[in-house]
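Undergrad: Provided herewith is a single structure, encoded as structure tokens, for subsequent inquiry.
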Amino acid sequence: MQIVNTAQALSQALENQSAIAFVPTMGNLHAGHIQLVELAKSKNACVVVSIFVNPLQFGQNEDLSQYPRTLDDDLEKLRAAGADVVFTPSEQEIYPDFDVETNATHQNITINLPKLANELCGEVRPGHFSGVATVVLKLFNLVFFNGAKTKIAIFGKKDFQQLFIIQDMVKALNLPIEIIAGDTKRESDGLAMSSRNGYLTPAQRLEAPRLYRALGLLVDAIKQGRTDFSVLETQTTQFLTQLGWIVDYISIRSAASMQPAASSDRKLVVLGAARQGNTRLIDNIEFTLPA
Ligand code: PAF
0 MQIVNTAQAL
10 SQALENQSAI
20 AFVPTMGNLH
30 AGHIQLVELA
40 KSKNACVVVS
50 IFVNPLQFGQ
60 NEDLSQYPRT
70 LDDDLEKLRA
80 AGADVVFTPS
90 EQEIYPDFDV
100 ETNATHQNIT
110 INLPKLANEL
120 CGEVRPGHFS
130 GVATVVLKLF
140 NLVFFNGAKT
150 KIAIFGKKDF
160 QQLFIIQDMV
170 KALNLPIEII
180 AGDTKRESDG
190 LAMSSRNGYL
200 TPAQRLEAPR
210 LYRALGLLVD
220 AIKQGRTDFS
230 VLETQTTQFL
240 TQLGWIVDYI
250 SIRSAASMQP
260 AASSDRKLVV
270 LGAARQGNTR
280 LIDNIEFTLP
290 A
């Protein structure tokens, strides 16, 4: 496994590769990430993983400085999983005018996204998805620039809205990259694996799987024929709120368009974001109703 931290070294490492499967991450890798690396490996391509905590996608009062950085552990896991190249750039490598004192990226050119980027997670985290899309496009340029014929990038379904926005960007900007979605990996009690789970206190950790269970109940109700979606969203929000959660949103959407679901939609996704103390958890369930 080769570890590179500059664009130039990355370019050299990938010079002769005709097929690349790329997994972008922010590190603090768990079994969910490793599952994405395994998916990449199954594509018979050179597996490239990036580890970069992207300042541009964190808001002013978010957890950028606190975000867990566990590089040695991550590299060990990636070696065991069979990654070929790991790209661990500095902030300056990605943002040439980065200011270490203030964490300002001074990135004046960013990706302008449609309305969906200001909804759901984007409503609570203004600018987040533009920061994600901008860094993902930069990483795509760095990883795929050498002209590998097969260009695959893998994203987890846990961040469903992110995955949707990246797919939309790839289409809108004619990027010749195949986006593959990896399933959400869960703990045995159903909690979706996330680097942020490490922030939970033992009591919060016990309560945390309730978000997934509440989304599951919502799915059951819709499968049983309920179409009063906004009532269902409010009821689930109230249920979680009574149990001490601070709910950012519970939303029933068309999985194909990410628009609020209509009763005629068959492919649906229920999404939720809610906080236990300061820790914000997100989850979703995609499902299909009979035609
Ligand atoms: O999902 C993540 O870890 C990040 O948003 C990503 C895609 C690596 C961009 O920084």
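Residues in the sequence shown are numbered from 0 upward in steps of one, following numbering that gives the first Met the number 0.
By construction, the Cβ of each residue, glycine as well, lies at the ideal position given by its N, Cα and C atoms.
The structure displayed is predicted, hence computed values, not measured ones.
#1: Which term fits Ile108, buried or exposed, when burial requires 16 or more other beta carbons within 10 angstroms of its beta carbon?
#2: If you draw a straight line from the alpha carbon of Leu199 to that of Met192, how long is it in whole angstroms?
#3: Rounded to the nearest angstrom, how far is the Cβ of Leu210 from that of Gly271, given a contact under 8 angstroms?
#4: Let me check you understand the geometry: is the CB of Met25 closer than 7 angstroms to at least one non-hydrogen atom of the ligand PAF?
#5: Check whether the Cβ of Gly46 sits closer than 7 angstroms to any heavy atom of the ligand PAF, and report yes or no.
#6: According to DSSP, is Pro88 helix, strand or coil?
#7: How many angstroms separate the CA atom of Gln91 from the CA atom of Tyr66?
#8: Compute the Euclidean distance between the alpha carbons of Leu28 and Asp73, then round it to the nearest angstrom.
#9: Rounded to whole angstroms, what is the Cα-Cα separation between Lys114 and Gln258?
#10: Can you determine whether any heavy atom of the ligand PAF sits closer than 7 angstroms to the C-beta of Gln65, and answer yes or no?
#11: Tell me whether the beta-carbon of Asp182 lies closer than 8 angstroms to the beta-carbon of Pro208.
#12: With a threshold of 16 other CB atoms inside 10 Å of the CB of Asn53, please say whether the residue is buried or exposed.
#13: Is Asn53 near the ligand PAF, with its Cβ less than 7 angstroms from a heavy atom?
#14: Mark Gly224 as exposed unless 16 or more other C-beta atoms lie within 10 angstroms of its C-beta, in which case mark it buried.
#15: What's the gap between the Cα of Leu77 and the Cα of Ile221?
#16: Taking the alpha carbon of Gln34 as the reference point, which residue from Ile179, Val218, Thr233 has its own alpha carbon closest?
#17: Rounding to the nearest angstrom, what Cα-Cα distance links Leu55 and Leu267 in this structure?
#18: Hey, out of Val36, Leu38, Val47, whose CA is closest to Gln377's CA?
#19: Grouping DSSP H, G and I as helix and E and B as strand, with all else coil, what is Lys150?
#20: Name the DSSP bridge partner or partners of Ile2?
#21: Below 8 angstroms between beta carbons: does that hold for Thr87 and Asn4?
#22: Secondary structure at Ile110, three-state DSSP: helix, strand or coil?
#23: Could you tell me the boundaries of the alpha helix (DSSP H) in which Tyr211 lies?
#24: Thinking C-alpha only, which one of Pro95, Met25, Cys45, Glu75 is nearest Asp62?
#25: Using the Cα positions of Glu37 and Ile19, report the straight-line distance between them to the nearest angstrom.
#26: Just checking Val85 against the ligand PAF - is the residue's beta carbon closer than 7 angstroms to any of the ligand's heavy atoms?
#27: Around the Cβ of Gln161, are there at least 16 other Cβ atoms within 10 angstroms (buried) or fewer (exposed)?
#28: Could you tell me the alpha carbon to alpha carbon distance between Lys156 and Glu177, rounded to whole angstroms?
#29: Is Ser263 helix, strand or coil by DSSP?
TA: This is what the structure gives:
#1: exposed
#2: 12 angstroms
#3: 6 angstroms
#4: yes
#5: The sequence given here has Val at residue 46, not Gly. No; taking the cut-off as 7 angstroms, the Cβ of Val46 has no heavy atom of the ligand PAF nearer than that.
#6: coil
#7: 18 angstroms
#8: 6 angstroms
#9: 10 angstroms
#10: no
#11: no
#12: buried
#13: yes
#14: exposed
#15: 40 angstroms
#16: Ile179
#17: 30 angstroms
#18: Nothing in the structure corresponds to residue 377, since the chain is present only between 0 and 290.
#19: strand
#20: Val85
#21: yes
#22: coil
#23: 209 to 222
#24: Met25
#25: 14 angstroms
#26: no
#27: buried
#28: 15 angstroms
#29: coil
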